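Sequence lines, in order, name chains A and B. Numbered by my numbering, the letters in the first sequence go through residues 331 to 451 in order. Numbered by my numbering, the letters in the second sequence go through residues 326 to 792 in order.
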Amino acid sequence: MKYLMLIYGNEEKWASFPAEAWPEAIARQDAFNKKYEETGELIGAYGLGAEMQARLVRRGQDGLPAVTDGPYQETKEYIASFYLLDVENEERAHQIAADMPWADEEPVELWPILHDSKNDL
Amino acid sequence: MTKTLRDADEGLLREFAPQVLAALVRRYGTAQFHLCEDATQEALLAAAVAWPAGGLPDNPRGWLVTVASRKLTDQVRSEQARREREDRIAFATPQSELLAGPADESTAGAKDADDSLALLFGCCHPAVSVPSQIALTLRAIGGLSTAQIAAAFGVPEATMAQRISRAKQTLRDANVDFSLHGPVAERLPAVLHVLYLVFNEGYTASAGDAVTVPALSGEAIRLTRWLYRLLPGEPEVAGLLALMLLIDARRPARTQPDGSLVPLAEQDRSRWDRSRIDEGTVLITSALASGQVGPYQLQAAIAAVHDEAATMDDTDWKQILGLYDLLELAAPNPFTTLNRAVAVGMVQGPRAGLELLGTLAEDKRLAKHHRLFAAQGHLLELAGEQKRAAEAYAQAARLSTSIPERRYLAAQATRLREALSEEKRQPFAVNKVLTLSPTEMIPPVRMSARMPPRWMRSLMMPGRVSC
């Protein structure tokens with residue numbers, strides 16, 4: 331069963347983090363990624379760029395991309411990183427989410443990913 | 326791009342996987358299982374390139390064992406060169422043995438069978454997580470490549486490679502010995518469970534290119550057939566094989582060309598695979614006669630009763646209910662109770678089924694499971710409670726993570742809601758229809774006989790409904 335884990339944050343939050351704490355923070359996250367890549371349960375871990383780098387894209391009348399700045403979010407926090415898991419069951423996904431480095435301070439958002447299976451109803 | 330084997334040849338090639346692995350493990354010891362497994366895989370890949378070009382060797386098994394031994398020796402030598410200081414077991418294979426046919430060729434048959442079985446038990450060892458048991462079984466016994474297994478499960482090859490190598494490491498650390506000791510019956514359930522899960526995965530996954538995305542249900546049937554040949558006297562093995570055949574028989578009828586789901590009640594039964602049904606029925610009949618009835622045999626018997634019915638109306642629900650009663654005794658499980666509740670609904674009336682479902686709502690495994698709500702929706706509709714049925718279907722759709730199931734369940738909710746708003750416009754006519762079959766008042770025995778029209782309608786897709 332595949333799951334998506336999301337971590338939220340914002341500039342303010344990252345700025346409040348002391349510079350000297352970053353190496354350890356990165357090491358902790360790397361250790362988590364390595365641990366679950368090795369069990370064959372973490373499919374991928376991805377960090378997103380800054381909010382100001384995000385764009386809104388539409389298809390313009392000429393069929394070309396019409397790109398604008400944004401999204402200007404209502405929410406204070408935006409997605410900072412996401413992780414794809416493939417695990418035996420939901421319970422296991424909970425365990426892994428709870429093992430994220432800062433899950434004791436901030437909740438990890440966990441979403442099931444829809445699949446294509448067609449069991450008999 | 327290397328030339329790949331045609332499907333039939335690839336199947337033949339993979340038949341050799343457990344035999345070659347068994348021969349290697351016999352020669353180099355079970356402690357070298359991980360190396361033997363890698364070497365077997367490499368030999369299979371080499372054969373997939375060499376055989377289509379140069380033709381099938383006279384002794385394919387001997388060819389594979391020789392090539393695998395050479396690969397293994399190379400691997401050990403390079404590892405030794407790297408780790409000179411480590412005191413590793415040296416096992417140089419005499420060159421003569423690599424060039425000649427394998428030494429154990431003549432006595433290979435019976436020993437291969439036992440050893441292959443032992444390898445299968447090893448792959449399904451409880452020290453390894455179930456997804457890893459599945460991956461390892463498909464590679465070591467099924468002879469599928471890591472890339473194929475990864476494609477079948479929709480994960481990157483690197484993730485699957487990691488899972489397999491971790492599983493082999495775990496088996497090594499746990500000192501799992503790949504020999505047949507102790508009663509087979511005790512170790513069999515884990516193996517059957519893995520094969521059953523492979524079948525389900527394949528039964529459900531969308532069809533892809535057969536070469537790159539192997540059909541897992543076909544692979545599960547192939548491996549279970551192989552296991553049945555090795556253990557013909559185990560009725561649960563026969564039961565599992567029968568179950569797979571009887572369910573797989575419906576494959577041609579269970580999806581529409583656009584990939585959407587066709588429920589059992591609506592399937593065009595003329596498209597079911599008769600030969601699979603016949604084979605499964607023969608298997609389950611003789612397995613049941615052995616007297617050692619188990620969960621797989623009972624599920625196969627239920628599937629057989631469904632497959633025997635020429636139409637949904639002809640389904641012998643009383644017999645199905647009797648089988649679910651036995652299944653609940655043999656292997657108590659909330660999902661069995663759920664299915665039994667539907668059968669109760671068909672035999673004794675929807676109210677009786679709903680009552681039984683009510684007792685399940687407290688079970689943690691089921692309280693938020695889409696199947697509970699789907700069954701409720703079905704029985705509520707039969708009971709004439711269209712509004713509550715629509716709510717139950719909508720809730721089931723929200724809780725399901727399968728896209729086709731979700732679409733189907735949401736369509737059921739929509740259909741019922743549309744029927745309800747239609748009813749408001751023509752209250753008289755529809756009310757009259759509804760009061761025509763107050764299901765609660767029909768004597769239990771006659772239920773299935775009276776049920777057909779409404780039952781059929783309840784499982785119809787929207788667009789084809791005329792309520």
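For glycine and all other residues, C-beta sits at the position ideal for the given N, C-alpha and C. All of these numbers come straight from a predicted model, not from anything done at the bench.
Pair within 8 angstroms by beta-carbon distance, residue i and residue j
| i | j | result |
| --- | --- | --- |
| H695(B) | L724(B) | yes |
| E368(A) | R497(B) | no |
| F698(B) | Q720(B) | yes |
| I489(B) | A460(B) | yes |
| E544(B) | L463(B) | yes |
| L608(B) | A626(B) | no |
| V397(A) | R385(A) | yes |
| C361(B) | L338(B) | no |
| D416(A) | V480(B) | yes |
| L646(B) | V618(B) | no |
| Q624(B) | L568(B) | yes |
| L486(A) | L414(A) | Since the first residue shown for chain A is 331 and the last is 451, residue 486(A) is missing from the structure and cannot be characterised. |
| H445(A) | S727(B) | yes |
| A635(B) | R594(B) | yes |
| A612(B) | P560(B) | yes |
| R690(B) | P659(B) | yes |
| E710(B) | L586(B) | no |
| P431(A) | Q383(A) | no |
heavy atom of the ligand FMN below 7 angstroms from residue i C-beta
| i | result |
| --- | --- |
| R395(B) | No copy of the ligand FMN occurs in the structure displayed, which carries no ligand at all. |
Expected contact under 8 angstroms - CB spacing of residue i and residue j to nearest Å
| i | j | result |
| --- | --- | --- |
| Q592(B) | R576(B) | So it is not a contact: roughly 10 angstroms between Cβ atoms. |
| M331(A) | P442(A) | 7 angstroms |
| A378(B) | V392(B) | About 15 angstroms; that fails the 8 angstroms criterion. |
| F358(B) | A443(B) | The Cβ separation is near 10 angstroms, so there is no contact. |
| L681(B) | A708(B) | Between A708(B) and L681(B) the Cβ distance is about 13 angstroms, and since that is not below 8 angstroms, they are no contact. |
| E407(A) | G339(A) | 6 angstroms |
| D440(B) | R547(B) | Not really, about 19 angstroms apart at Cβ, beyond 8 angstroms. |
| A715(B) | A735(B) | About 10 angstroms; that fails the 8 angstroms criterion. |
Chain B contact residues for residue i, given Cβ-Cβ distances below 9 angstroms
| i | result |
| --- | --- |
| E439(A) | The premise fails here: E439(A) is roughly 16 angstroms from chain B at the closest Cβ pair, so nothing lies under 9 angstroms. |
| P401(A) | Within 9 angstroms Cβ-Cβ: nothing; P401(A) doesn't reach chain B, min ~26 angstroms. |
| E367(A) | A483, T484 and Q487 |
| G377(A) | Within 9 angstroms Cβ-Cβ: nothing; G377(A) doesn't reach chain B, min ~18 angstroms. |
Close-in-space but distant-in-sequence residues of the same chain around residue i (CB under 6 angstroms, 5 per side omitted)
| i | result |
| --- | --- |
| P778(B) | Per-residue confidence for P778(B) stands at a pLDDT of 31, beneath the threshold of 50, marking its modelled position as unreliable; the derived number appears in the next sentence. So the list is empty, once near-sequence residues are dropped. |
| V770(B) | Low confidence applies here, because V770(B) scores a pLDDT of 31, under 50, leaving its location unreliable; read the following figure in that light. No residues qualify anywhere along the chain. |
| T661(B) | L652 and E653 |
| G468(B) | R339, A342 and L369 |
| D641(B) | V630 |
| A375(A) | N363 and Y413 |
| A310(B) | Outside the shown range of chain B (326 to 792) lies residue 310(B), about which nothing can therefore be said. |
| G400(A) | L386 |
Under 7 angstroms by beta carbon: chain A residues contacting residue i
| i | result |
| --- | --- |
| V480(B) | I373 and D416 |
| P456(B) | E418 |
Neighbourhood of residue i by C-beta, 7 angstroms cutoff - its chain only, sequence neighbours within 5 removed
| i | result |
| --- | --- |
| L378(A) | I409, A410 and S411 |
| T365(B) | A342, V345, L346, L349 and A393 |
| L565(B) | L517, L520, Y521, T549 and Y621 |
| R713(B) | L705 |
| A438(B) | L555 |
| Y553(B) | V562, A563 and L566 |
| E604(B) | L570 |
| T471(B) | R464, E482, M485, A486 and I489 |
Cutoff 8 angstroms; reference residue i; Cβ partners in own chain excluding five residues on either side
| i | result |
| --- | --- |
| L424(B) | Any reading at L424(B) needs caution, since the residue's pLDDT is 44, under 50, leaving its predicted position unreliable; the model's value is listed next. These residues qualify, in order along the chain: T391. |
| V667(B) | G678, A700, H703 and L704 |
| R601(B) | L570, L571, D573 and A574 |
| E418(A) | M331 |
| A686(B) | A692 and L697 |
| Q458(B) | C448, C449, H450, A492, A515 and V519 |
| Y353(B) | L360, C361, L397 and F416 |
| R665(B) | L646, Y649, D650, L652, E653 and L681 |
Within chain A, partners of residue i - CB distance below 9 angstroms
| i | result |
| --- | --- |
| S542(B) | Under the 9 angstroms cutoff, chain A gives no residues; its nearest Cβ is about 12 angstroms from S542(B). |
Amino acids of chain B, ordered along the chain, whose beta-carbon sits closer than 7 angstroms to that of residue i
| i | result |
| --- | --- |
| P353(A) | Simply none; closest approach about 26 angstroms. |
| L390(A) | Looking at the sequence shown, residue 390(A) is not Leu but Gly. Near G390(A) there are no residues of chain B at all, since even the closest Cβ is about 31 angstroms away, more than 7 angstroms. |
| G339(A) | The premise fails here: G339(A) is roughly 26 angstroms from chain B at the closest Cβ pair, so nothing lies under 7 angstroms. |
Where residue i meets chain B, residues with beta-carbon distance less than 8 angstroms
| i | result |
| --- | --- |
| P442(A) | T726 |
| G393(A) | Ordered by position in chain B, no residue passes the 8 angstroms Cβ test against G393(A), which lies about 28 angstroms from the chain. |
C-beta neighbour in chain C for residue i, strict 8 angstroms
| i | result |
| --- | --- |
| D632(B) | Considering every chain present, this structure includes no chain C. Its protein chains are A and B. |
message: Along the region 483-495 of chain B, where does the CB come closer than 9 angstroms to a CB of chain A? Name the residues.
response: A483, T484, M485, A486, Q487, R488, I489, S490, R491 and A492
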